[in-house]
Each structure stands twice: as structure tokens, then as C-alpha cells.
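See structure below.
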Amino acid sequence: MGERLLAISKRLRANTELNRIADDARAIQTLAGKLLSEFPPGSMQSPTAARPAIWQDWTTFENNVKKLEEEAEKLAKANPADGVALRTQFRNVAFTCDGCHEKFRMPKDKR
Ligand code: HEC
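Numbering-wise, the sequence shown is residues 167 to 277 according to the numbering used here.
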């Protein structure tokens, strides 16, 4: 997902190949659909940056996944000729990544 998001961000910055953003957004959407199965209960053995909060608050975690699927889909459907819409929706996707990481991923210095 990191690679896909970076690819989108580079295209937006260079203002090129905006019509290819939808593919990356769809890929993020598909990967998000697989996220829940990547975190089976008890998969907290080192090395991991997954916080126990994932399993203590599974509903919120699930909602974060759902939100990412929705925001990625909106980005995939955004008009490639509308740079403002693309940028706004790209930010919504990136905020969704950050929001989940803030709550459920250990900060770098604690890994
Ligand atoms: C539902 C919560 C959630 C969402 C949404 C989410 N992530 Fe994550 N992400 C995590 C968790 C938890 C980890 C830590 C996993 C671990 O270390 O086992 C992680 C780890 C990562 C990593 C490090 C992977 C590695 O190999 O160490 C990257 C890169 C990343 N996420 C990118 C993204 C991007 C980009 C998005 C948005 C498009 C995103 N994530 C959305 C929960 C989420």
C-alpha cells in the first residue's frame, strides 16, 4: 500500500499520468479488503508493530479498514481531469492510513 500511495503522490506532484491514479487506488482498495485477515487473533509475536489495541478494539480496527476501502474507491472513481478533486481525495486516503497507524501501529522508536 505504501508503494501504491507513493506512486499516486508522485503523479500528483509531477501532474502527469493522472489517468493512471485510478489503478493504484483500486489496488489499495483490494489490499484493504485483505487487511483484516492479515491480523488473526494473537499474532503479536515479535517482530511486529501491531499494537494489542487491534484485538482489544477490533470494531474500530474494522471500521478503519472499511473507511480505507471507501476512500480508495472514491479516489479510483474521481475524474482524472479534475486535479483538485484528485488531490482532495488523495489526502482523504492518506489521512485514513495515518489515522489507523496512529491508533494501531507502534511508533518507530518503540519497535
Ligand atoms: C486498519 C488499519 C490500517 C490502515 C487503514 C492502514 N494501515 Fe498500514 N499498518 C497498519 C498496522 C497495524 C501496521 C503494523 C503491522 C505490523 O507491524 O505487523 C501497518 C504497517 C504499515 C506499513 C509497514 C509495513 C511493514 O512491512 O513493516 C506500511 C508501509 C503501511 N502500513 C502503509 C499503509 C498505507 C499506505 C495505508 C493507506 C493506503 C495504510 N497503511 C493503511 C494498519 C493500517
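For each residue, glycine too, the CB sits at the ideal point set by N, CA and C.
What you are looking at is a predicted structure, and each value in this text was computed from that prediction instead of being measured.
Worksheet item: How is the alpha helix (DSSP H) around Glu-183 delimited, first residue to last?
Response: Where Glu-183 is concerned, there is no enclosing alpha helix (DSSP H), because DSSP gives it neither an H nor an E.
Worksheet entry | Unbroken alpha helix (DSSP H) run spanning Phe-256, endpoints | Following the DSSP letters along the chain, one finds Phe-256 inside the alpha helix (DSSP H) bounded by residues 249 to 270.
Practice prompt. Could you spell out where the alpha helix (DSSP H) holding Ala-238 opens and where it closes?
Written response: Boundaries of the alpha helix (DSSP H) around Ala-238: 224 to 243.
Fill in: Pair within 8 Å by beta-carbon distance, Pro-246 and Ala-180
Their beta carbons are not under 8 Å apart, which means Pro-246 does not touch Ala-180 by this criterion.
Worksheet item: Would Thr-225 be called buried (16 or more neighbouring beta carbons within 10 Å of its own) or exposed?
Response: That one is exposed.
Discussion item. Looking at ligand 1, does it come within less than 7 Å of Val-259, judged from the CB to the closest heavy atom?
Written reply: Yes.
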